[in-house]
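The structure appears right after this line, and notes come after that.
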Amino acid sequence: MKIVIVYATTEGQTRKIARFAADRLSDAAHVIELVPAAEAGELDLSRFEKAILAGSVHVGKYQADLAEFAQRNADALNAMPTLFLSVSLAAAGDDPDDWKGLADCVARFTKQTGWSPGRVEHVAGAFRFTQYDFFRSWAMRWIAAQKGETVDPREDKEYTDWAKLEATLHDWVAG
Numbered sequence: 000m001k002i003v004i005v006y007a008t009t010e011g012q013t014r015k016i017a018r019f020a021a022d023r024l025s026d027a028a029h030v031i032e033l034v035p036a037a038e039a040g041e042l043d044l045s046r047f048e049k050a051i052l053a054g055s056v057h058v059g060k061y062q063a064d065l066a067e068f069a070q071r072n073a074d075a076l077n078a079m080p081t082l083f084l085s086v087s088l089a090a091a092g093d094d095p096d097d098w099k100g101l102a103d104c105v106a107r108f109t110k111q112t113g114w115s116p117g118r119v120e121h122v123a124g125a126f127r128f129t130q131y132d133f134f135r136s137w138a139m140r141w142i143a144a145q146k147g148e149t150v151d152p153r154e155d156k157e158y159t160d161w162a163k164l165e166a167t168l169h170d171w172v173a174g
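Listed below in structure tokens is the structure:
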């Protein structure tokens with residue numbers, strides 16, 4: 000099966016997740032094309048049987064490049080099996096308000112773009128302190144403290160459940 004993975008990343012965790020998805024699906028004998036949304040330009044989706052889009056939530060929104068790609072290609076995406084990997088730190092927790100916020104982010108994104116993903120999977124992201132400037136590092140430490148998380152601002156902290164993501168990918172491809 001030929002599958003395209005289009006992703007947008009801010010600090011790099013979504014790129015890491017997209018590469019993981021590409022590797023696992025390729026290992027399962029699928030033909031994968033991994034494309035940053037910013038470089039997707041005139042990508043011809045008719046060449047693919049399925050599509051995965053991946054983006055991360057920042058201040059309630061996904062990356063503009065991903066939204067533009069989804070909007071420009073909504074008809075083609077809506078005509079094929081799709082998976083949306085929504086990456087966020089909120090997905091690492093179990094706070095009902097955070098999960099409602101994630102559902103609201105996806106709803107805004109689908110309304111904005113006209114794309115209705117066949118399946119949405121929320122994937123826990125990471126604190127990427129090595130990628131943050133002083134102010135973002137301070138804000139992320141404050142957010143972590145509000146959630147009772149202990150973080151070291153000199154080290155990244157990853158929450159992605161790789162085994163769960165792999166199972167999700169294989170389940171989606173099979174379904």
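In terms of numbering that gives the first Met the number 0, the sequence shown has 128 at position 129, counting the first letter as 1, and numbering is strictly consecutive.
Glycine is no exception: its CB is placed at the ideal position from the N, C-alpha and C atoms.
**Local conformation of V172 per DSSP, three classes** = V172: helix per DSSP, three-state reduction.
**Request:** Under 6 Å Cβ to Cβ from A75, same chain only, skipping five residues before and after it: list those, please.
**Result:** Only L44 meet the Cβ criterion.
**Message:** In this structure, how does DSSP classify L101 when only helix, strand and coil are distinguished?
**Reply:** It is helical.
**Item:** Nearest-angstrom Cβ-Cβ length linking A21 and F68, presumed shorter than 8 Å
**Value:** Separation of the CB atoms of A21 and F68 is rounded to 17 Å, and the pair is thereby denied contact status at 8 Å.
**Message:** Can you tell me whether Q62 sits near the ligand GDP, meaning its C-beta is under 7 Å from at least one heavy atom of the ligand?
**Reply:** This structure simply doesn't include the ligand GDP, nor any ligand for that matter.
**Item:** DSSP-derived helix/strand/coil call for P80
**Value:** In the three-state scheme derived from DSSP, where H, G and I count as helix and E and B as strand, P80 is classed as coil.
**Asked** Hey, which unbroken runs of the alpha helix (DSSP H) at 4 residues or more fall wholly within the segment 93-152?
**Response** Listed in chain order, the complete alpha helix (DSSP H) runs (minimum 4 residues) inside the segment 93-152 are 95-112, 133-145.
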